[in-house]
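Notes follow once the structure below has been shown.
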Amino acid sequence: MAKKVSKTAIFDGTGKGDEDMQIRINESFAKKYDEQKRYEELQNLKHADLSDDYDESDSETDDEDGDQLTEEVDKDIARTLKLIRKKDPSIYDTSITFFQPGESDDDNDSDGNSSDDDAKLTKSKQKKADKPLYYKDLVRQQVLAGDVDGSDVSDDEAPATTTTTYAEDQARLKGEFLQSLAASGADGDDELDGGLFMKRTKTSAETEADLKEYEAFKELHGDEITNPDEFLNKYLKSGVWKEGHKTRNQHNHRIQAEDAVDDSEDEEALDKADAFEHAYNFRFEEDGGGQIQTFSRHIDDSLRRKDDKRKVAREERKARKALERLKKEEELRRLKNLKQADIEAKLDKVRALMGDDTGKLTAEDI
């Protein structure tokens with residue numbers, strides 16, 4: 047069981063283990079961390095448009111005050127612009143240098159511009175220090191820099207981890223697949239592995255026919271072809287290479303006869319398979335299911351009692367309406383006749399009072 051150490055024994059600085067408790071710095075990790083921080087600072091300066099392209103190996107600063115803009119530089123700029131406007135072919139020549147480095151540049155390279163570089167670098171660091179660094183930003187920077195482990199384990203203890211791109215993974219998988227396919231094709235048997243293509247073996251009849259053709263060829267041309275041109279001329283003149291040649295047709299007919307398939311047997315087998323499939327698929331259907339059964343609205347020999355109450359009611363209502371209409375018409379004619387008689391009586395009175403029997407006063411005049 048481990049010995050329990052009190053807080054006072056740890057922090058009072060009087061314990062026996064003060065000599066053993068020392069902080070050791072992993073130099074390789076510190077160097078790697080410094081390089082990573084420098085890379086992060088340069089990336090942040092580039093994103094913030096404050097980068098001076100500062101590098102330990104090649105120190106180069108921007109001339110913000112225009113100290114390096116001398117008369118020679120102005121002449122070089124004017125000459126270059128003139129060539130560009132004229133579209134001179136020399137502007138496309140990479141071997142030509144349009145701007146010659148001046149003495150100030152050489153001096154800056156020799157002494158390193160220590161004062162200006164230190165001041166600008168300090169200014170950029172102060173501006174960058176104000177911006178907080180979040181965990182997601184740190185992880186992204188580590189991934190971009192290639193340091194994805196982020197642990198303080200030494201290089202000797204930590205295993206080397208390399209990340210590959212998607213294209214590299216695909217290429218590696220493709221190579222492994224092709225290697226395994228070639229190995230299986232070389233070691234495996236076609237029949238056991240279920241190969242798609244198999245080498246066709248000749249029958250005894252085909253072998254004998256080939257031997258006969260070879261013997262005839264030897265008799266005609268000999269064992270060795272001494273003159274290839276003469277052999278080619280004979281071959282072309284004989285027409286053996288043609289499709290309709292006798293020897294070629296015999297060979298083709300023999301192969302076709304061996305490879306021919308009895309189509310009648312195949313057709314019968316296909317018909318039987320189709321009949322079985324049709325019977326199996328429609329085994330649950332009833333006979334006559336493809337026809338729609340219909341029935342007549344009027345059945346003469348039916349024993350059902352006729353129910354025509356609504357029909358009789360419709361006929362009675364129709365007759366009643368016709369009778370009422372006839373009565374109304376007769377009443378209107380009677381009233382019209384009475385009105386006409388009343389008008390005639392009034393006209394007679396008027397004519398009698400006027401004493402003019404010859405007056406042509408009629409009901410239409412009124």
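Each number in my numbering comes from the position in the sequence shown (counting from 1) with 46 added on. Note that CB positions come from ideal geometry on N, CA and C, so glycine has one too.
Quick check on residue i: does DSSP put it in helix, strand or coil?
i, result
"T253", "helix"
"S230", "helix"
"H344", "coil"
"Q339", "coil"
"F322", "helix"
"I130", "helix"
"F75", "helix"
"N273", "coil"
"P178", "coil"
"I69", "coil"
"S141", "coil"
"L349", "coil"
"K385", "helix"
"R329", "coil"
If you draw a straight line from the alpha carbon of residue i to that of residue j, how long is it in whole angstroms?
i, j, result
"F330", "K220", "52 Å"
"T249", "F263", "21 Å"
"T210", "K78", "21 Å"
"E376", "D388", "19 Å"
"R363", "L384", "32 Å"
"V185", "D122", "46 Å"
"D120", "F144", "11 Å"
"Y212", "F277", "58 Å"
"E81", "D134", "45 Å"
"D320", "S310", "15 Å"
"N273", "Q216", "55 Å"
"K182", "A76", "22 Å"
"I137", "T116", "22 Å"
"E332", "K318", "22 Å"
"L399", "Q386", "20 Å"
"R366", "L381", "23 Å"
"A391", "R397", "10 Å"
"D354", "H344", "14 Å"
"I338", "R350", "25 Å"
"S342", "K357", "20 Å"
"D275", "E252", "30 Å"
For residue i, count neighbouring Cβ atoms within 10 angstroms of its own Cβ and tell me buried if that reaches 16, exposed if not.
i, result
"L190", "exposed"
"L91", "buried"
"G401", "exposed"
"E86", "buried"
"S197", "Residue confidence is low: S197 scores 49 on pLDDT, short of 50, so the model does not pin down where it sits. Its coordinate-derived value is still stated next. Per the 10 Å Cβ criterion, exposed."
Under the assumption that residue i contacts residue j (Cβ atoms under 8 Å), give the Cβ distance between them as a whole number of angstroms.
i, j, result
"Q45", "Q89", "Here the chain comprises residues numbered 47 to 412, so residue 45 is not present and cannot be evaluated."
Is residue i near the ligand FAD, in the sense that its beta carbon is under 6 Å from a heavy atom of that ligand?
i, result
"E313", "With respect to the ligand FAD, the structure offers nothing, as it holds no ligand at all."
**Asked** Does the stretch 222-229 come close enough to the stretch 125-134 that 3 or more CB-CB pairs lie under 8 Å?
**Response** no
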